[in-house]
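**Student:** Numbering (this note's numbering), first residue to last: 74 to 231.
Cβ atoms here follow ideal geometry from the backbone N, Cα and C, with glycine treated the same way.
Just so we're clear, the structure is a prediction, and the values are computed from it rather than from any experiment.
Dropping the structure in here first, questions after.
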């Protein structure tokens with residue numbers, strides 16, 4: 074088994090971890106989380122482009138729930154790295170973030186949470202149903218299509 078080490082730097086004199094004030098080990102774990110997700114997403118889009126005859130991807134919108142613990146800025150940066158040399162290179166990547174929302178089964182109140190401590194703020198019950206926060210997927214892919222005659226077109230222009 075081999076390991077890959079990726080050094081990430083921001084413009085200027087500091088590494089990404091120092092710029093964000095994070096310890097190196099935590100930063101590597103965070104970077105690897107976003108990197109693994111973007112690799113998987115990019116591979117899936119590459120396959121879809123190949124099967125669908127898409128020449129280029131211009132924009133990708135992802136939907137990601139709060140429980141996925143994804144940093145949208147790191148996600149966009151990682152995508153810029155993994156998309157180099159592919160049909161997604163240069164594509165704008167944006168993330169729609171879904172909040173963590175749960176419903177108390179005891180009193181029926183819907184509540185938002187910043188953490189995984191799902192306690193109803195009204196009655197204190199931990200008997201809750203998760204309504205939002207686990208989302209992870211592609212919402213939209215804006216592409217350029219290769220025509221059978223070799224020409225290209227933007228499908229939104231038809």
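1) Identify the residues that DSSP records as bridge partners of residue 150: which are they?
2) Drop a sphere of 10 angstroms on the beta-carbon of residue 193, count the other beta-carbons inside from all chains shown, and report buried for 16 or more, exposed for fewer.
3) May I have the straight-line CA-CA distance separating residue 182 from residue 200, to the nearest angstrom?
4) Which one of 139, 124, 188 and 118 has the shortest CA to CA distance from residue 213?
5) Per DSSP, what kind of secondary structure is residue 108 in: helix, strand or coil?
6) Should residue 96 be labelled buried (16 or more other beta-carbon atoms within 10 Å of its own) or exposed?
7) Using CA coordinates, which residue listed in 163, 152 and 129 is at the minimum distance from residue 114?
8) Which stretch, first to last residue, makes up the beta strand (DSSP E) that contains residue 217?
9) CB residue 179 to CB residue 198, shorter than 7 Å?
10) Verify the contact flag: residue 106, CB atom, against every heavy atom of the ligand MG, threshold strictly below 6 Å.
11) Pick helix, strand or coil for residue 122, following the three-state DSSP scheme.
12) Using the C-alpha atoms, what's the distance from residue 220 back to residue 126?
**Tutor:** Quick answer:
1) Taking the chain shown and counting its residues from 1, the one referred to as residue 150 is at position 77. According to the DSSP secondary-structure assignment, residue 150 is paired through a beta bridge with no residue.
2) The residue labelled residue 193 in the question sits at position 120 within the chain shown. Classification of residue 193: buried, given that the 10 Å Cβ count is 16 or more.
3) Position 109 of the chain shown holds residue 182. Position 127 of the chain shown holds residue 200. Straight-line Cα distance between these residues: approximately 11 Å.
4) Residue mapping note: residue 213 aligns to position 140 of the chain shown, counting from 1. Nearest option by C-alpha distance: 118.
5) In the chain shown, the residue the question calls residue 108 occupies position 35. The answer is helix: DSSP assigns residue 108 an H, G or I state.
6) Here the question's residue 96 lines up with position 23 in the chain shown. Low local confidence applies: a pLDDT of 44 at residue 96 is under 50, so the model's placement there is unreliable, and no value is given.
7) Mapped onto the chain shown, residue 114 falls at position 41. Of the listed residues, the one whose Cα sits closest to residue 114 is 152.
8) In the chain shown, the residue the question calls residue 217 occupies position 144. Here the beta strand (DSSP E) through residue 217 covers 209-219.
9) In the chain shown, the residue the question calls residue 179 occupies position 106. In the chain shown, the residue the question calls residue 198 occupies position 125. Their beta carbons are under 7 Å apart, which means residue 179 touches residue 198 by this criterion.
10) Ligands are entirely absent from the displayed structure, and the ligand MG is therefore not among its contents.
11) Counting from 1 along the chain shown, the entry for residue 122 is found at position 49. In the structure shown, residue 122 sits in a helix (DSSP, three-state: H, G or I).
12) Taking the first residue of the chain shown as 1, we reach residue 126 at position 53. Taking the first residue of the chain shown as 1, we reach residue 220 at position 147. Approximately 8 Å, taken between the alpha carbons.
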